[in-house]
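Written below as structure tokens is the structure these notes are about.
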Amino acid sequence: MPILDQNSIEFISRGTDYTRRVGIRLGTILKDGDVICLEGDLGSGKTTLVQGMAAGWGSLDRVTSPTFVLMNLYRRLDGGQFHHLDAYRLDNVGEARDLDLETYIETGPLVIEWAERIKSVLPADHLWVTLRIVDIEQRDLIFSARGSYYKSLLENFRARIYGGL
Amino acid sequence: MTDTTQQPISIDGPIRLLGIETSCDETAASVVESGRKIISNIVASQVDIHAQYGGIYPEVASRQHIITIYPIVEQALQDAHITLDDVDGIAVTRGPGLSGSLVVGLNTAKGLALANQLPIIGINHLEAHIYSAWLDHPERRTEDDPKFPLLALIVSGGHTELALMTDHLEYQRLGGTLDDAAGEAFDKIARLLGLDYPGGPAIQQAAIEGNERAFSFPRAWLENTWDFSFSGLKTAVLREVRRLEETNLPLPINDIAASFQAAVVDVLVNKTLFAAREFKAKDILVAGGVSANQLLRTRFEENDEFTVHIPPLVLCTDNAAMISGAGYYRFIAGQRDELDIDALPNWPLSEI
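Chains as they are written, first to last, in the working numbering: chain A, 43 to 207; chain B, 3 to 354.
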């Protein structure tokens, strides 16, 4: 469990709709170059959160789990791209640096499920989201910022959730 | 840019296309005559390579494609006892898939097309799965071809799509998965149960010894839509496994596998049959890697309302014969692509 501090926000989600809505709020402020890392067990709501994020960002495409295909690309009317990577199968990080994450980061927001599996190749600055199963419906979501850019992104996000903007 | 439309084409004889497929973890090439007769069909699977990573690995995949693609094409031509002089065009997968992998196939096709003055036809991988049902296998006659309107279910590791086909090359996408693809659910549950990759065959094998009524896992019917969802089922199985682990008794892997498989198959079969009735389809077509699942095949074949077309096992998983197959119908419809066509990693059936 990460320790909560001023660079973290915690929510208890009461269901998939709630998780999706939180994602939408985050998605509306995402920009090219943003890196969002998700960590959480099977069924903790990672793909649901990304569905919200992509919707908030303005995706025209349906968001599905990219586990098998590894990477999904979603499009927006203005030509923007949203990259959805899934590191679930990447047990062996030996060659993970070959993933060439920089290319994806340059051309849109990049969201990574199972990010803890490829920690060694992630940029130092990012938003880290930890999802935990509380019970059948409820999920504990903790958003933590690493680096000054993500601290301000998190503040913006906090304002959008709790008001004050 | 080469104007490929001016190439003389013999319409009288059979049309022979070289097909190339590299969208995911198979490197494949094939020669097919007139969308029907498989002359050669070579598939180099990377499953062994990816098994050590527990799944496909993108850079490894594209590197392997680069190494194997030319020998595979060469072998497909050799097995067909022809050279590129004897083919009328090259059909190649444009998407959906991993961009790095797609590019390898596309560049190979472009190089061969340019060097041999052949037209190139970019093919949608999902459409190609559908056309695997037209490829001949010894026991089928032409009059047994799928009939329109046709309800098509494409189920694989990466896709779960339901579409109505009103004619050749005419699709109306009805729905698809909202979260996990059916094959992906098999892989994830297999991993959870400590079974091998790929998960489909492993679950099927474990289920043989299991009781499919041992656990009552949820079926997401998503009424009033033609969509699917397997994420809730996945979570339910996970919860059951965690609960059982706390008892310290050995995990009833066979029963869990059987009950899980039954839940997936139930939804796939019943929703497809329901859609076929609703849209007054004549036939049903099931394709993609998960269509190799024996329970799914049996359950579809047991229905007495619709003729169900399911390709033979070798054509269920990714292959290039289906690319040539779909390529033929595109070719006779006049499609010729430019040599600068891009890979389309995201190319839904609704945008063909």
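From the three backbone atoms N, C-alpha and C, an ideal C-beta is built for every residue, glycine too.
Within the segment 76-123 of chain B, the runs of beta strand (DSSP E) that reach at least 3 residues and sit entirely inside it are, in chain order, 91-97. Of all residues in the segment 260-283 of chain B, none places a beta-carbon less than 8 Å from a beta-carbon of chain A. The C-alpha of B/Val75 is placed about 37 Å away from the C-alpha of B/Lys284.
Annotated three-state conformation of A/Val105 is coil, per DSSP.
For B/Ser218, the nearest beta carbon of chain A is not closer than 8 Å to its own beta carbon. Under DSSP, B/Arg18 shares a beta bridge with B/Glu35. Taking all protein chains shown into account, B/Ala222 has 16 or more neighbouring C-beta atoms within 10 Å of its C-beta and is therefore buried.
Contacts with chain B at 8 Å (Cβ-Cβ) include A/Asn114. CA-to-CA, the gap between B/Glu214 and B/Ala260 works out to about 4 Å.
It is roughly 16 Å from the alpha-carbon of A/Phe199 to the alpha-carbon of A/Ala97. Close CB contacts of A/Cys79 within its chain, under the 6 Å cut and outside five residues either way in sequence, are with Ile154, Ala157, His168, Trp170 (chain order). B/Val288 sits away from B/Phe276, with the two beta carbons spaced by 8 Å or more.
Contact annotation, B/Pro151 with B/Lys282: C-beta distance approximately 7 Å; criterion of less than 8 Å satisfied. Taking a Cβ-Cβ threshold of 8 Å, none of the residues of chain B is close to A/Phe124; the smallest such distance is about 10 Å.
In this model, A/Ser50 and A/Leu102 are separated by some 30 Å (Cα to Cα).
DSSP lists A/Cys79, A/Ser186 as the beta-bridge partner residues of A/Trp170. Boundaries of the beta strand (DSSP E) harbouring B/Arg175: 172-178, taken from the DSSP string. Sequence-distant Cβ neighbours of B/Glu28 in its own chain, meaning closer than 8 Å and more than five residues away, are Val45, Ala46, Ser47, Gln48, Thr319, Asp320, Asn321. For the set B/Lys112, B/Pro252, B/Thr309, the Cα lying nearest the Cα of B/Leu341 is the one of B/Lys112. Going by beta carbons, B/Asp257 and B/Gly329 fall outside the 8 Å limit. The C-beta of A/Arg117 comes closer than 8 Å to at least one C-beta of chain B. Below 8 Å, too few C-beta pairs join the segment 201-209 of chain B and the segment 59-78 of chain A to call them touching: fewer than three.
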